[in-house]
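Heads up: the structure comes next, in structure tokens.
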Amino acid sequence: MFDFNRTVKLIKGAVFDPDTTWKEYLPEAGDWKKTATLLTGPLVVGSVVLAFIVDRIIPNRLSFIPEPGFGSLFTGLLAMAIIAGLVAFIVSFLAGMFKGKNSFAHGLAATTLAFVPGYAGQVLAKLPWIGWLLGLALFVYSLVLLYRIIPTYLEVPDTSRLGHYILSVVGVIVASLLLGMLIGGASLSRDANDFQRSLGDAGEQRGSSTGMFGAMERAGRVVEEAENDQYDPPSDGKVSDRQVGTLLSVIQKTRDLRERQARELKELSDKAKKNDIAAMQDVFSGLGGVMGLSTAEMEVVKTAGGNWAEHQWVKEQLRIAMIQQDINEAVKHNFELYKKYESELEQYPGF
Numbered sequence: 006m007f008d009f010n011r012t013v014k015l016i017k018g019a020v021f022d023p024d025t026t027w028k029e030y031l032p033e034a035g036d037w038k039k040t041a042t043l044l045t046g047p048l049v050v051g052s053v054v055l056a057f058i059v060d061r062i063i064p065n066r067l068s069f070i071p072e073p074g075f076g077s078l079f080t081g082l083l084a085m086a087i088i089a090g091l092v093a094f095i096v097s098f099l100a101g102m103f104k105g106k107n108s109f110a111h112g113l114a115a116t117t118l119a120f121v122p123g124y125a126g127q128v129l130a131k132l133p134w135i136g137w138l139l140g141l142a143l144f145v146y147s148l149v150l151l152y153r154i155i156p157t158y159l160e161v162p163d164t165s166r167l168g169h170y171i172l173s174v175v176g177v178i179v180a181s182l183l184l185g186m187l188i189g190g191a192s193l194s195r196d197a198n199d200f201q202r203s204l205g206d207a208g209e210q211r212g213s214s215t216g217m218f219g220a221m222e223r224a225g226r227v228v229e230e231a232e233n234d235q236y237d238p239p240s241d242g243k244v245s246d247r248q249v250g251t252l253l254s255v256i257q258k259t260r261d262l263r264e265r266q267a268r269e270l271k272e273l274s275d276k277a278k279k280n281d282i283a284a285m286q287d288v289f290s291g292l293g294g295v296m297g298l299s300t301a302e303m304e305v306v307k308t309a310g311g312n313w314a315e316h317q318w319v320k321e322q323l324r325i326a327m328i329q330q331d332i333n334e335a336v337k338h339n340f341e342l343y344k345k346y347e348s349e350l351e352q353y354p355g356f
């Protein structure tokens with residue numbers, strides 16, 4: 006049942022005394038309906054309606070931007086409600102993958118409590134001149150709170166905490182952008198668009214070339230180029246000495262790149278533990294440095310002008326040779342090459 010006084014108390018506590026408020030609400034966090042009634046629903050409705058009112062009263066729009074109508078108000082309510090549910094689902098689902106608690110109810114409670122400042126920011130963002138800056142600052146503060154609340158509500162261990170956080174934020178960004186396209190960018194209320202823009206602004210503090218979205222774009226481009234590679238292997242199935250040498254070079258450079266990315270990940274983790282806005286801004290804008298972990302080898306191959314399909318074929322033939330050794334002339338030849346470079350190849354996962 007909705008309790009206005011309790012809702013106000015929780016909202017105030019989430020902003021001014023978050024740790025105490027989180028601990029007090031934790032025993033009730035297992036009931037998602039209660040959280041939706043006490044917190045999520047009032048925050049979604051309140052922020053969208055207040056933002057709509059401010060947007061109507063204060064003439065801070067450009068002449069070519071139409072005045073918001075009641076249609077956009079209802080669309081905004083729908084979009085923000087869906088986003089709130091998606092955020093909770095993504096954060097809780099990924100918590101289970103990172104050895105934490107996969108509980109939608111606890112995820113909804115955690116994300117709603119953490120994003121109370123962000124909801125306020127959606128209203129303040131409508132103010133002229135400095136509104137967008139206030140909205141962004143409160144959104145970043147919400148990211149700080151989200152990082153802090155995850156271990157308490159979803160029990161993600163410290164060793165997995167940053168990895169879970171990074172994937173959660175990326176997942177939220179992708180989901181919100183897809184939702185915006187699905188509902189319709191033109192018809193989507195500016196409240197939902199402001200939420201998505203806050204995600205983009207926070208993620209691109211260092212510019213698109215080095216920010217998180219720049220890293221996502223670069224990784225996507227590398228994957229696309231690699232998937233388009235084709236290779237016709239020799240008819241005799243024999244790997245050349247040159248191909249093994251190229252493979253070893255890729256192995257070493259990939260190891261060096263991943264070690265550098267691991268150091269960046271460690272630095273981000275140390276910054277995130279400071280639990281302050283400035284540190285979290287650095288963390289968020291620095292996520293691009295670690296988003297290429299999964300495509301490091303592919304990036305090494307492609308940036309050197311290599312052929313990813315050929316690279317994969319060479320690896321496969323050497324692995325077959327390692328296992329079968331002498332079932333035919335090609336395998337026997339390849340096994341001899343494998344033994345020649347065995348000490349180097351053993352450092353590569355799969356050999």
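At position 212 of the sequence shown (counting the first as 1) the number is 217 in my numbering, and the numbers step up by one without a gap.
Glycine included, C-beta positions come from ideal geometry on N, C-alpha and C.
If you're wondering where the values come from, they're calculated on a predicted model, not measured in any experiment.
Sub-9 angstroms separation of residue i and residue j beta-carbons
i	j	result
Gln127	Val227	no
Ala119	Ala19	yes
Ala34	Ala93	no
Gly250	Val336	no
Thr40	Ala110	yes
Val319	Gln248	yes
Val174	Leu148	yes
Leu150	Ser108	no
Glu349	Leu253	yes
Ala301	Arg268	no
Buried or exposed (CB count within 10 angstroms, at least 16 for buried), residue i
i	result
Met102	exposed
Lys357	Outside the displayed span of the chain (6 to 356) sits residue 357, for which this structure offers no information.
Trp134	exposed
Thr25	exposed
Arg11	exposed
Tyr236	exposed
Pro47	buried
Ala56	buried
Arg166	buried
Phe144	buried
Pro32	exposed
Ser77	buried
Ser181	buried
Ile171	buried
Beta-carbon proximity list for residue i, same chain, < 8 angstroms, skipping 5 on both sides
i	result
Val49	Leu82, Met85, Ala86, Ala89 and Tyr124
Asp234	Asn312, Trp313, Ala314 and Glu315
Val59	Val128, Lys131 and Leu132
Gln330	Val336, Lys337 and Phe340
Between the CA atoms of residue j and residue i - distance to the nearest angstrom
i	j	result
Asp8	Lys104	35 angstroms
Val139	Gly310	Correcting the residue type first, residue 139 is Leu in the shown sequence and not Val. Between Leu139 and Gly310, the C-alpha separation is close to 45 angstroms.
Val121	Glu230	42 angstroms
Trp27	Asp261	42 angstroms
Arg61	Thr80	16 angstroms
Gly176	Thr164	20 angstroms
Phe98	Tyr152	16 angstroms
Phe21	Tyr146	12 angstroms
Asn333	Glu351	23 angstroms
His169	Pro239	44 angstroms
Lys344	Gln317	19 angstroms
Trp37	Ile328	53 angstroms
Pro23	Ile63	32 angstroms
Gly51	Arg265	45 angstroms
Glu347	Thr157	47 angstroms
Residues near residue i in its chain [Cβ-Cβ closer than 6 angstroms; skip 5 each side]
i	result
Ile155	Val161
Thr116	Val92, Ala93 and Val96
Lys258	Val305
Gly136	Leu129 and Ala130
Gly112	Ala93, Val96 and Ser97
Own chain partners of residue i with C-beta closer than 7 angstroms, once the 5 adjacent residues on each side are dropped
i	result
Tyr353	Ile256
Met303	Val227, Val228, Ala231 and Trp313
Asn339	Lys243, Val244, Gln322, Leu323 and Ala326
Leu15	Thr26, Tyr30, Leu43 and Leu44
Asp246	Leu342
Lys106	Ala100, Leu159 and Glu160
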